[in-house]
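Below is one structure, written out as structure tokens; comments come after it.
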């Protein structure tokens, strides 16, 4: 079979919704494609996506050492270390927050490193999440982040070997794989984020609809451009997801959204920000999955083209989202009625669940 694609959710800014979006996107994709296997790689320091998939706050309140125990066998770090075999042995960081700040992808790749990629069995390090959280589709697998396993520091040739080994092993498997990767909100690309972006096909950048978030994404785009210039990665930016957007009504706002219309104040901000981003996308067309033509100069036209191809609005998930993260239940597995969380009860509305799933589907359609 084949490796369908590798989709990375990344941004230099924390708290923009990368993990929650990946959670719902990966689960909904898995539910819709039971013939494929979905592999979620948690490349965060504290295990953000792992905690959600395992059952959110409800799971953690009942299993205080659950993540630590799982990390002993199913850690992303263990998989990466195995994939790097043959390169210099990685060393644990004395402080998990003190990781590489140098952007190794600016350097030429070590000669012959890809040819020496190891033949590994990634499945040995994956957890079938439904064994712990029955709300997760049975074809979704996870290598956990966080727990007792610190992030490792790899030499430059080790990073390249990891990417080559993972691609080679998943391509050779008899099963079709779809990979989603969660990353940290770093000031610069950490070693693990570098590996993720070099492994990736498509990159999704979640942002809050604010000028502060826009300024932070500028540095991300510059560093990502450096990755492409190095020619060590084929990843392209699929699009910007404006997250946590307040909805005015459940009607399309073309070309920005096919499922809902935001408040007037948010409309103005998103139009302005997309106009700026469209110029960036046009100037650095090689880093975008849907490049804009060089001969279009009219701002309104550029904004319209960018908004249709490379931008998406994600509504504020409200109480339904709170219940989801509390209990570790994706929208695609939710049903109406009462849901008991770790500290409170929630009343779930069928229409609200449907609206959330429609919005996630809009992102999945762009990823397809």
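Residue numbers (UniProt numbering): 1 to 368.
Virtual Cβ for every residue (Gly too), placed ideally from N, Cα, C.
| query | What residue range is occupied by the uninterrupted beta strand (DSSP E) comprising residue 239? | reply | 236–245 is the span of the beta strand (DSSP E), which, as asked, contains residue 239.
| Which same chain residues, not among the five before or five after residue 77, have their C-beta less than 7 Å away from its C-beta? | Sequence-distant Cβ neighbours of residue 77 in its own chain, meaning closer than 7 Å and more than five residues away, are 149, 151, 152.
| said: Could you compute how far the alpha carbon of residue 370 sits from the alpha carbon of residue 284? | reply: Examination of residue 370 is not possible in this model, given that the chain is present from 1 through 368 alone.
| request: Helix, strand or coil for residue 15, going by three-state DSSP, please let me know. | output: coil
| field | Beta-bridge pairing of residue 339 - partner residues as DSSP gives them | value | Residue 339 pairs with 346.
| Between the stretch 61–73 and the stretch 173–185, are three or more C-beta pairs nearer than 8 Å? | no
| request: State whether the stretch 194–214 contacts the stretch 224–237, with contact taken as three or more CB pairs (one from each stretch) at a distance under 8 Å. | output: The stretch 194–214 is in contact with the stretch 224–237.
| field | Nonlocal neighbours in the same chain, by C-beta distance under 6 Å from residue 325, ignoring five residues either side | value | 56
| field | Beta-carbon gap between residue 282 and residue 294 smaller than 9 Å | value | yes
| task | Would you mind working out which of 187, 361, 119, 194 sits nearest residue 369, comparing C-alpha positions? | result | What the structure shows of the chain is the stretch from 1 to 368, and residue 369 is not part of that stretch, so it cannot be assessed.
| query | Which two residues bound the contiguous beta strand (DSSP E) that contains residue 182? | reply | Segment 177–182, the beta strand (DSSP E) holding residue 182.
| query | Among 42, 190, 171, 276, which residue has its Cα nearest to the Cα of residue 126? | reply | 42
| message | Using a Cβ distance threshold of 8 Å, determine whether the stretch 305–325 contacts the stretch 253–270, with at least three qualifying pairs required. | response | yes
| said: On the DSSP bridge list, what partners appear for residue 315? | reply: 245
| message | Starting from residue 207, trace the beta strand (DSSP E) in both directions and tell me its first and last residue. | response | Note, residue 207: beta strand (DSSP E), 202–207.
| request: Using only alpha-carbon positions, find the residue among 215, 79, 15, 8 that is nearest to residue 159. | output: Residue nearest to residue 159 within the set 215, 79, 15, 8 is 79 (criterion: CA-CA distance).
| Using 8 Å as the Cβ pair cut-off and three pairs as the minimum, do the stretch 47–54 and the stretch 19–29 touch? | Result yes; three or more Cβ-Cβ pairs closer than 8 Å.
| Shortest alpha-carbon distance to residue 385 belongs to which of 140, 258, 263, 240? | It is not possible to answer for residue 385, since the shown part of the chain is limited to 1 through 368.
| Which class does residue 262 belong to by DSSP, given the choice of helix, strand or coil? | strand
| Sequence-distant residues of its chain with Cβ nearer than 7 Å to residue 364 (five each side left out) | 25, 28, 29.
| In chain order, what residues of the same chain have a beta carbon less than 6 Å from the beta carbon of residue 350, not counting five sequence neighbours either side? | 336
| query | Quick one, which of 265, 332, 228 has its alpha-carbon nearest residue 320's? | reply | 332
| task | Express the C-alpha separation of residue 322 and residue 130 in angstroms, rounding to a whole number. | result | In this model, residue 130 and residue 322 are separated by some 21 Å (Cα to Cα).
| Is the beta carbon of residue 163 sitting closer than 9 Å to the one on residue 10? | no
| task | In the DSSP assignment, find the unbroken alpha helix (DSSP H) run with residue 70 in it and report its ends. | result | 66–74
| message | On the DSSP letters alone, give me the boundaries of the beta strand (DSSP E) that residue 294 sits inside. | response | Taken as a continuous stretch (DSSP letters only), residue 294 belongs to no beta strand (DSSP E), as it is neither H nor E.
| Which whole-angstrom value is the C-beta distance of residue 296 and residue 171, which I expect to be below 8 Å? | Actually they are not in contact, since the Cβ atoms of residue 296 and residue 171 sit about 38 Å apart, beyond 8 Å.
| field | CB of residue 146 within 9 Å of CB of residue 265, strictly | value | no
| request: Please state if the CB of residue 8 and the CB of residue 134 are separated by a distance shorter than 9 Å. | output: no
| request: Kindly indicate which three-state DSSP category residue 365 falls into: helix, strand or coil? | output: helix
| query | Where do the ends of the beta strand (DSSP E) carrying residue 143 lie? | reply | 140–143
| request: Taking the CB atoms as reference points, tell me whether residue 39 and residue 142 lie closer together than 9 Å. | output: yes
| Within 9 Å (strictly less), CB to CB, does residue 328 reach chain B? | In the displayed structure, chain B is absent; only one protein chain is listed.
| task | Keeping to the same chain, check which residues put their C-beta closer than 7 Å to that of residue 360; ignore five residues upstream and five downstream. | result | Closer than 7 Å at the Cβ level, and outside the excluded window around residue 360, lie 24, 25, 28, 331.
| field | Rounded straight-line distance, which links the Cα of residue 280 to that of residue 128 | value | 40 Å
| Would you report the Cα separation of residue 261 and residue 73, rounded to the nearest angstrom? | 45 Å
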